[in-house]
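Trainee:
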Amino acid sequence: MYQNHPHLKFQRKIKKKQFNISRRFFPKNTLKEVYEISKKGYLDMYHMGFGMAVRNALRKGGFKFNDIALDGYWDELITEAARRTVEKR
22 MYQNHPHLKF QRKIKKKQFN ISRRFFPKNT LKEVYEISKK GYLDMYHMGF
72 GMAVRNALRK GGFKFNDIAL DGYWDELITE AARRTVEKR
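Residue numbers for the sequence shown follow our numbering, so the first one is 22 and each next one is one higher.
(1) For the candidate residues P48, K53 and M69, whose alpha-carbon lies nearest to that of W95?
(2) What number of angstroms, rounded off, separates the C-alpha of R45 from the C-alpha of R104?
(3) Which residues bound the alpha helix (DSSP H) around N62?
(4) With a threshold of 16 other CB atoms inside 10 Å of the CB of E101, please say whether the residue is buried or exposed.
(5) Within the 7 Å Cβ cut-off, does N77 reach chain C?
(6) For F71, does the three-state DSSP call read helix, strand or coil?
(7) Helix, strand or coil: how does DSSP classify M22 here?
(8) Given S43, which residues of its chain have a CB within under 6 Å of its CB, disregarding the five upstream and five downstream residues?
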C-alpha cells in the first residue's frame, strides 16, 4: 500500500545512489572485508574510523547530510554496498 508513496520512492532512489557511491569510493578488497566483518556482527567496533570514512565518501559524492543523520545509517549503506559487491548484484 505505501510502497509506491513518493517519499519512499525518493528514499529508495537516494539509497541506491549512496550504495553506488560507497562501491565507487571503496576498493573491492575493503568491501569484501566489510562483508565478512558485518556477517560476524563486528561492524560497530569500527564506528569511529571506518564510519567516518564512509561519511566522508558520501560527502565527496554530493551528500551534505549532517553527521548525526549519517551516523544513523552509514553501516547499513556500506554493508549493502559490500553485500552487492561480493554477491555480484
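A virtual CB, placed ideally from N, CA and C, is assigned to each residue, including glycine. Note that the structure is a prediction, hence the values are computed from the model and not measured.
Mentor: If we stick to the structure as given:
(1) M69
(2) 14 Å
(3) In the sequence on display, residue 62 carries Gly and not Asn. Here G62 belongs to no alpha helix (DSSP H), and DSSP marks it neither H nor E.
(4) buried
(5) Given the protein chain composition of this structure (a single chain), no chain C is represented.
(6) helix
(7) Here the model assigns M22 a pLDDT of 46, short of 50, so the residue's position is not dependable, and the following value carries that caveat. Note: M22 maps to coil in three-state DSSP.
(8) L98, I99 and A102
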